[in-house]
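Engineer:
Chains as they are written, first to last, in the numbering used here: chain P, 1 to 340; chain Z, 1 to 340.
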């Protein structure tokens, strides 16, 4: 039985099915929450018809919602209006709720994608050891989830818990303000203190370094100008209050290296923390930020086996992995129920 | 002869005259640059009629402009269209340019307000020693300008130079993203790593601490909701991915204390740097962030005499001090020319 999964986040809607369908759309929840129903409908109409829809939600933290409860309710109501499938909502302890149950008690429903992804990933990779860290490097956040026998160690953890136990790093390869991860940037052999202003995001560094592709039609950037190397260079120039005309391509590359190293350090610190608290010797890497792995590995205290899902999933599936994860887990759930 | 001064910044337009007129308006240059001429006209029509207009410009760094030159030209062209007065533009070495001269060579014109303010401030305060640091704590940036005999030490410095020599701290009491000045926030006796996202700004901390007034009609906040203690608390909650309903007023106060201390530390580091490089024993404080002084003083390596302009200027004049500074300096310039 094919199942479609959907990951309704604060910046993107991602969908995937157990039989190969994948689709993702940018969706800035904070400004477009009133149009969520239409946006979900647009995505789900492209998906194959299925009886069940597996749902994971992270968009409830968007600042358009007064509380997480209000966010969960709005998201589930929008989903009700957009699609006729029977929805099941994934929880941070691995259980499933109906939409009504989820609205009644949202505590285990908020931000469950990391849990689903960790279970899915460990099950998928036959080479993995009994204990592994699942590393998901995304546009806005990074999950660093220790697992034992395929089960996440931190069952039921909220995002606050996960920030504290370092299994969530709230920084990523695209949307993160540069001013939130560096204090200085190299510029013409000097070390320039930065402007604490959102003139640029991490995406600019990775476009300049060639890790993310240019996309001249994409204006979802710090200044609303194109996602090109040239415009990214201008944005980085402003981070040190320089005139864009003063900053060469080579200057911008050095700044970008420094930003990439800072982000890699943040992630490596979390992996080091998990390694010192849990016996794990494999790192299973997913998400679309795999290009950061070599920089991260250089900064680890203890060597670790690295395995990337890139070998068994397409790049679009990697990007939508949490949606694929809940679809697959719901399918397994039904199979298990039919056996017992 | 009365003269009107205008400070055309990236987020505000401020005007003041040598005979007591003061007016400021928020003006987000990055989004409203096409309406700059109208906005300048609105402000200047309220000012008394004068022959001369003294101008200082800092808005050229706004990311709507390809280069600083382009920014200076756009700003001066908009000013030409908005007001019939004869304009003189203040330079970072204390000289004056006509608008045509400024357009032809903008290198000394960009970001000159700190220089004017330092000269004005040292001349105003009769109690000051021969050498002083002029400290201007603003919404977005802080100037920490060492002066000798009333003259700024760093004549002709650009913003890049000033970030490096620590006479410019690009962080302030209102618009600065919280994620750019702290890595963790205290929460229920824990130390919570933060979300690297612009969920809150420094203004939220100071509204909660009572240092800045509530203003329910002001929606110029991180989430577009009101500038009230209650909404500020919600914004701070999101900084650690907490649900606003989980965070008490007391929790929010402790977070705010931590943010205020971080900002004060950044400023104190710059003052310590100037004190170790220049013989200065007085701190002349202006801007509307004077409430931060006690926190800053606690963090200084060497005690320093503190003198606040609050004793000789109104709070509105303090806020518009760079505009008042260029008006006063142009008046002095004409007096000096008439004598020689």
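For glycine and all other residues, C-beta sits at the position ideal for the given N, C-alpha and C.
Exposed or buried, which one is residue 203 of chain Z when buried takes at least 16 other CB atoms within 10 Å?
Structural biologist: Buried: at least 16 other Cβ atoms inside 10 Å.
Engineer: Considering just the uninterrupted stretch of the alpha helix (DSSP H) at residue 98 of chain Z, what are its terminal residues?
Structural biologist: No alpha helix (DSSP H) contains residue 98 of chain Z, which DSSP labels as neither H nor E.
Engineer: How many Å lie between residue 244 of chain P and residue 86 of chain P at the Cα?
Structural biologist: 53 Å
Engineer: Is any beta-carbon of chain P found at less than 8 Å from that of residue 291 of chain Z?
Structural biologist: no
Engineer: I want to see whether chain Z comes within less than 8 Å of residue 33 of chain P, judged by CB atoms only; does it?
Structural biologist: no
Engineer: What residues from the region 146-166 of chain P come within 7 Å of chain Z, judged by C-beta to C-beta, listed N to C?
Structural biologist: 159, 160, 163 and 164
Engineer: Distance, Cα to Cα, residue 256 of chain P vs residue 283 of chain P?
Structural biologist: 26 Å
Engineer: Does residue 68 of chain P have its Cβ less than 8 Å from a Cβ in chain Z?
Structural biologist: yes
Engineer: Quick one: measure Cβ to Cβ for residue 300 of chain P and residue 239 of chain P, integer angstroms, because I've assumed they're closer than 8 Å.
Structural biologist: In fact, because the Cβ distance is near 28 Å, the residues do not count as touching under 8 Å.
Engineer: Can you tell me where the beta strand (DSSP E) holding residue 305 of chain P begins and where it ends?
Structural biologist: 305-308
Engineer: Beta-carbon within less than 6 Å of residue 232 of chain Z's beta-carbon, same chain only, minus the 5 sequence neighbours each way: which residues are those?
Structural biologist: 204, 207 and 208
Engineer: Roughly how many whole angstroms lie between the Cα atoms of residue 170 of chain Z and residue 9 of chain P?
Structural biologist: 32 Å
Engineer: Counting only beta-carbon separations shorter than 8 Å, does residue 244 of chain P have a partner in chain Z?
Structural biologist: Output row for residue 244 of chain P: interface = yes.
Engineer: Can you tell me where the beta strand (DSSP E) holding residue 192 of chain Z begins and where it ends?
Structural biologist: DSSP places residue 192 of chain Z inside the beta strand (DSSP E), whose first and last residues are 190-193.
Engineer: I think residue 326 of chain Z touches residue 116 of chain Z, with their Cβ atoms under 8 Å apart; what is that distance to the nearest whole Å?
Structural biologist: 5 Å
Engineer: Give a yes or no on whether 8 Å exceeds the smallest Cβ distance from residue 195 of chain P to chain Z.
Structural biologist: yes
Engineer: Just how far apart, CA to CA, sit residue 297 of chain Z and residue 137 of chain Z?
Structural biologist: 14 Å
Engineer: Taking the alpha helix (DSSP H) that residue 117 of chain P belongs to, which residues open and close that run?
Structural biologist: 113-124
Engineer: Three-state secondary structure (DSSP) at residue 84 of chain Z?
Structural biologist: coil
Engineer: Return the CA-CA distance between residue 114 of chain P and residue 273 of chain P, expressed in angstroms with no decimal places.
Structural biologist: Each residue's alpha carbon lies about 18 Å from the other.
Engineer: Measure the alpha-carbon distance for residue 59 of chain Z versus residue 268 of chain P and round it to whole angstroms.
Structural biologist: Looking at the two C-alpha atoms, the distance is approximately 39 Å.
Engineer: Give the DSSP-derived three-state secondary structure of residue 25 of chain P in the structure shown.
Structural biologist: In the structure shown, residue 25 of chain P adopts extended strand secondary structure according to DSSP, grouped into three states.
Engineer: Just to confirm before moving on: does the CB-CB distance between residue 78 of chain Z and residue 37 of chain Z stay below 8 Å?
Structural biologist: yes
Engineer: Going by alpha carbons, who is nearest to residue 5 of chain P out of P:320, P:173 and P:312?
Structural biologist: P:320
Engineer: Between which two residues does the beta strand (DSSP E) carrying residue 272 of chain Z extend?
Structural biologist: Where residue 272 of chain Z is concerned, there is no enclosing beta strand (DSSP E), although the alpha helix (DSSP H) it sits in stretches over 249-277.
Engineer: Relative to the C-alpha of residue 264 of chain Z, which residue among Z:82, Z:181 and Z:315 is closest?
Structural biologist: Z:181
Engineer: When DSSP labels each residue in this structure, what does residue 299 of chain P get in the three-state scheme?
Structural biologist: coil
Engineer: CA-CA distance, residue 217 of chain Z and residue 74 of chain Z?
Structural biologist: 31 Å
Engineer: Could you round the C-beta distance between residue 3 of chain P and residue 70 of chain P to whole angstroms and report it? I think they count as a contact, below 8 Å.
Structural biologist: Not really, about 28 Å apart at Cβ, beyond 8 Å.
Engineer: Using a 10 Å radius around the Cβ and a threshold of 16 neighbouring Cβ atoms, would you call residue 121 of chain Z buried or exposed?
Structural biologist: Residue 121 of chain Z comes out buried.
Engineer: Going by alpha carbons, who is nearest to residue 105 of chain Z out of Z:45, Z:172, Z:34 and Z:76?
Structural biologist: It is Z:76.
Engineer: Taking 8 Å as the threshold (beta carbon to beta carbon), is residue 295 of chain Z in contact with chain P?
Structural biologist: no
Engineer: Excluding sequence positions up to five away, which residues of its chain have a Cβ less than 7 Å from the Cβ of residue 280 of chain P?
Structural biologist: 131, 132, 133, 146 and 274
Engineer: Assuming residue 154 of chain Z and residue 167 of chain Z make a contact with CB atoms under 8 Å, what is their CB distance in whole Å?
Structural biologist: 6 Å
Engineer: How long is the line joining the alpha carbons of residue 315 of chain Z and residue 308 of chain Z, rounded to whole angstroms?
Structural biologist: 12 Å
Engineer: Taking residue 46 of chain Z as the reference, give the member of Z:93, Z:20 and Z:305 with the closest Cα.
Structural biologist: Z:20
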